[in-house]
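Per the numbering used here, the very first residue in the sequence shown carries number 4; after that it's consecutive. Below is one structure, written out as structure tokens, with a few remarks after it.
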Amino acid sequence: MNIADLVLYQCRQQPPAPALCAPGSELGLVSYARLERFIHNIGQRAHALGLARGDVAAILIRDPILHVAFILGLSRIGVVTVSVRSPDLPKELQVAALISATPVRFSNAGRAIIIDTAWTEGDGLALSDSQIGVGRDDELHRVSLTSGTTGEAKAVGFSQQ
4 MNIADLVLYQ CRQQPPAPAL CAPGSELGLV SYARLERFIH NIGQRAHALG LARGDVAAIL
64 IRDPILHVAF ILGLSRIGVV TVSVRSPDLP KELQVAALIS ATPVRFSNAG RAIIIDTAWT
124 EGDGLALSDS QIGVGRDDEL HRVSLTSGTT GEAKAVGFSQ Q
């Protein structure tokens with residue numbers, strides 16, 4: 004089961020309840036109903052731009068609510084996400100796309116996709132499993148960068164398990 008599916012379950016159980024809130028976020032308080040629409044709308048747009056199951060997408064978005072929404076929206080369609088603080092990405096990650104809220108010069112990514120809150124808007128309909136494929140629990144799901152003892156970023160991968 005995809006981690007986004009667990010969040011979507013909660014979205015259906017208590018739609019009006021607060022799901023995300025962060026000081027300074029442009030989006031303010033987001034209910035579970037609104038978060039569900041965000042997840043599906045982000046997934047639709049990313050899929051339409053050719054992002055697919057197994058692709059790695061680096062997320063460079065400062066707004067914490069929008070950042071989380073992108074992690075969940077991309078995860079829902081099987082895109083592996085990694086949160087980054089810099090557009091200079093480790094070559095080993097083989098990043099298909101750097102997703103950013105501002106135009107940036109980047110290295111070691113296939114392309115940059117500039118986003119805004121309009122990505123959260125739309126009909127909120129989920130893509131079907133036949134459109135995005137069905138993942139396995141042992142598939143790579145998320146990557147975290149850690150500096151360890153050398154100060155250089157090292158990638159640690161996580162599966163749904």
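Cβ coordinates follow ideal geometry from the N, Cα and C atoms, glycine included.
Could you have a look at arginine 139 and say whether DSSP puts it in helix, strand or coil?
coil
First and last residue of the uninterrupted beta strand (DSSP E) at leucine 101
100 to 103
Whole-Å CB distance - phenylalanine 109 paired with leucine 92, under 8 Å assumed:
7 Å
Which full runs of the beta strand (DSSP E) of 3+ residues lie inside the region 54 to 136, going along the chain?
59 to 63, 83 to 86, 100 to 103 and 115 to 117
Alanine 25 by DSSP, collapsed to three states: which one?
coil
By Cβ distance below 7 Å, which residues in the same chain neighbour leucine 11 in space, the five residues on each side in sequence not counted?
Glu39 and Ile42
Please report the Cβ distance between histidine 144 and valine 98, rounded to the nearest whole angstrom; I am assuming they are in contact, meaning their Cβ atoms lie under 8 Å.
At roughly 15 Å, the Cβ-Cβ gap does not stay under 8 Å, so histidine 144 and valine 98 are not in contact.
Residues that DSSP places opposite alanine 158 in a beta bridge:
Leu148
Can you tell me which of Ala61, Ile135, Ile74 and Thr153 puts its alpha carbon nearest to the alpha carbon of glycine 53?
Ile135
Tell me which same chain residues have a C-beta within less than 6 Å of the C-beta of cysteine 24, skipping the five on either side of it?
Leu32
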